[in-house]
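J.:
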Amino acid sequence: MRFDIISLFPEFVAQCAAFGVVGRAGERGVLSVHGWNPRDYAEGNYRRVDDRPFGGGPGMVMMIEPLRACLADVRAADPSPARVVYMSPQGAPLTQAKVRELAAHPRLVLLCGRYEGVDERFLQAEVDEEISIGDYVLSGGELAAAVVLDAVARLQEGALNDAESAVQDSFEDGLLDCPHYTRPVEHALGNVPPVLLSGNHAEIAKWRRQQSLGRTWLRRPDLLDESALSKADRRLLEG
Ligand code: ADE
Numbered sequence: 027m028r029f030d031i032i033s034l035f036p037e038f039v040a041q042c043a044a045f046g047v048v049g050r051a052g053e054r055g056v057l058s059v060h061g062w063n064p065r066d067y068a069e070g071n072y073r074r075v076d077d078r079p080f081g082g083g084p085g086m087v088m089m090i091e092p093l094r095a096c097l098a099d100v101r102a103a104d105p106s107p108a109r110v111v112y113m114s115p116q117g118a119p120l121t122q123a124k125v126r127e128l129a130a131h132p133r134l135v136l137l138c139g140r141y142e143g144v145d146e147r148f149l150q151a152e153v154d155e156e157i158s159i160g161d162y163v164l165s166g167g168e169l170a171a172a173v174v175l176d177a178v179a180r181l182q183e184g185a186l187n188d189a190e191s192a193v194q195d196s197f198e199d200g201l202l203d204c205p206h207y208t209r210p211v212e213h214a215l216g217n218v219p220p221v222l223l224s225g226n227h228a229e230i231a232k233w234r235r236q237q238s239l240g241r242t243w244l245r246r247p248d249l250l251d252e253s254a255l256s257k258a259d260r261r262l263l264e265g
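Just so you know, the sequence shown maps onto residues 27 to 265 in my numbering.
(1) Between the Cα of G281 and those of A118, W233 and L255, spot the shortest distance and give me the residue it belongs to.
(2) Distance check for P210 and P219, CA to CA, integer angstroms please.
(3) Run the proximity test for Y162: is its beta-carbon closer than 7 Å to any non-hydrogen atom belonging to ligand 1?
(4) Could you give the distance in angstroms between the alpha-carbon of C96 and the alpha-carbon of N63?
(5) Suppose you measure from the CA of L149 to the CA of E156; what does that come to, to the nearest Å?
(6) Tell me where the beta strand (DSSP E) around H60 begins and ends.
(7) Below 6 Å CB to CB, which residues in the same chain sit around V178 once its five sequence neighbours on both sides are set aside?
(8) Whether or not the segment 168 to 177 and the segment 103 to 122 are in contact is what I'm after, with contact meaning three or more pairs of Cβ atoms, one per stretch, closer than 8 Å; do they touch?
(9) For ligand 1, is there any heavy atom lying closer than 7 Å to the beta carbon of G117?
(10) Can you tell me whether DSSP reads P29 as helix, strand or coil?
(11) Going by DSSP, what residue range makes up the beta strand (DSSP E) through R147?
(12) In whole angstroms, give me the CA-to-CA distance for P105 and V111.
(13) Measuring only from the beta carbon, is A170 closer than 7 Å to any heavy atom that is part of ligand 1?
(14) Counting beta carbon pairs with one atom in the segment 29 to 39 and one in the segment 62 to 80, are three or more of them shorter than 8 Å?
(15) Would you give the residue range spanned by the alpha helix (DSSP H) that G46 belongs to?
(16) Output the distance between the C-alpha atoms of L223 and G55, rounded to the nearest integer angstrom.
(17) Quick one: grab the DSSP three-state call for R180.
(18) Any heavy atom of ligand 1 closer than 7 Å to the beta-carbon of S158?
(19) Taking buried to mean at least 16 other C-beta atoms within 10 Å of its own C-beta, is S238 buried or exposed?
(20) Would the C-beta of M113 count as close to ligand 1, meaning under 7 Å from any of its heavy atoms?
(21) Less than 8 Å between the CB atoms is what I'm expecting for V144 and L201, so what's the real figure, rounded?
(22) Quick one: is D154 buried, meaning 16 or more other Cβ sit within 10 Å of its Cβ, or exposed?
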């Protein structure tokens with residue numbers, strides 16, 4: 027999968043993609059990350075990319091033309107169709123379902139705003155969707171783009187070592203993940219739950235499901251769609 031990052035600090039997002047699972051996926055050729063700076067497409071000695079907002083008010087707005095010229099080059103750099111996503115607090119909330127949807131595209135262009143945002147005419151004309159990573163305001167879209175990049179990249183075929191681990195992630199089944207333990211079995215901070223040492227895979231799966239259900243119920247009841255729970259799930263929640 028190909029990622030193009032349009033940002034005044036493209037190296038910042040590319041650096042985030044250089045480590046861990048995503049870095050390894052890049053080395054294996056599972057994905058590639060390309061940074062683009064609209065300032066390289068700005069005119070004049072000052073290479074200006076922003077201007078004051080019409081109607082007054084604080085801050086600056088990113089101008090249409092440097093972004094348009096930059097995006098034209100981005101599109102031309104590869105023949106696969108690009109899904110253009112603008113990172114913004116006004117966007118639709120990022121969820122694991124949305125991450126899955128984005129991961130199915132051959133190519134994502136992540137547009138990062140700075141200042142007060144981007145001229146609305148550019149967004150209307152060129153952007154396919156707007157995504158927010160949460161109800162708080164960052165000083166730019168770069169961290170949000172890095173979040174999308176990471177979450178989408180790890181779902182690519184060949185990115186994770188154990189093909190199972192993405193399926194077992196939190197949210198893949200709409201629930202929070204269960205707790206995990208490793209050696210030592212006994213420790214001053216507590217012991218590993220015996221069921222995990224039993225070798226009984228059916229009992230282990232049941233325990234994990236129960237933990238997931240319980241945690242979701244306690245911590246994120248908003249995620250629990252009770253009508254979607256099976257009879258067995260209901261028994262686990264009650265028992
Ligand atoms: N840019 C600034 N804040 C943001 C947020 N919460 N999500 C996505 N992009 C942003």
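Where a beta carbon is used, it is the ideal one built from N, C-alpha and C, also for glycine. It should be emphasised that the depicted structure is a prediction, and the values quoted were computed from it without experimental measurement.
T.: If we stick to the structure as given:
(1) No statement about residue 281 is possible, as the shown extent of the chain runs from 27 to 265 and does not include it.
(2) In this structure, the CA atom of P219 is about 12 Å from the CA atom of P210.
(3) Yes, the beta carbon of Y162 sits closer than 7 Å to at least one heavy atom of ligand 1.
(4) Each residue's Cα considered, the two are about 7 Å apart.
(5) Going from the Cα of L149 to the Cα of E156 covers about 9 Å.
(6) DSSP places H60 inside the beta strand (DSSP E), whose first and last residues are S58 to W62.
(7) Around V178: V125, L128 and A129.
(8) Three or more beta-carbon pairs separated by less than 8 Å link the segment 103 to 122 to the segment 168 to 177, which places the two stretches in contact.
(9) Relative to ligand 1, G117 has its C-beta within less than 7 Å of a heavy atom.
(10) Inspection of the sequence shows that residue 29 is occupied by Phe rather than by Pro. The answer is strand: DSSP assigns F29 an E or B state.
(11) For R147, no beta strand (DSSP E) run applies; the uninterrupted alpha helix (DSSP H) run containing it begins and ends at E146 to E152, by DSSP.
(12) Each residue's alpha carbon lies about 18 Å from the other.
(13) Flag set: Cβ of A170 near ligand 1.
(14) Counting Cβ pairs under 8 Å, three or more are found: they touch.
(15) Counting along the chain, G46 sits inside the alpha helix (DSSP H) bounded by residues G46 to E53.
(16) Taking the straight line from one Cα to the other gives about 38 Å.
(17) In the structure shown, R180 adopts coil according to DSSP, grouped into three states.
(18) In this structure, S158 has its beta carbon less than 7 Å from a heavy atom of ligand 1.
(19) S238 is buried by the Cβ-count criterion.
(20) M113 Cβ: within cutoff of ligand 1.
(21) Their Cβ separation, rounded to whole angstroms, is 36 Å, which puts V144 and L201 out of contact at 8 Å.
(22) Counting Cβ neighbours within 10 Å, D154 comes out exposed, since fewer than 16 surround it.
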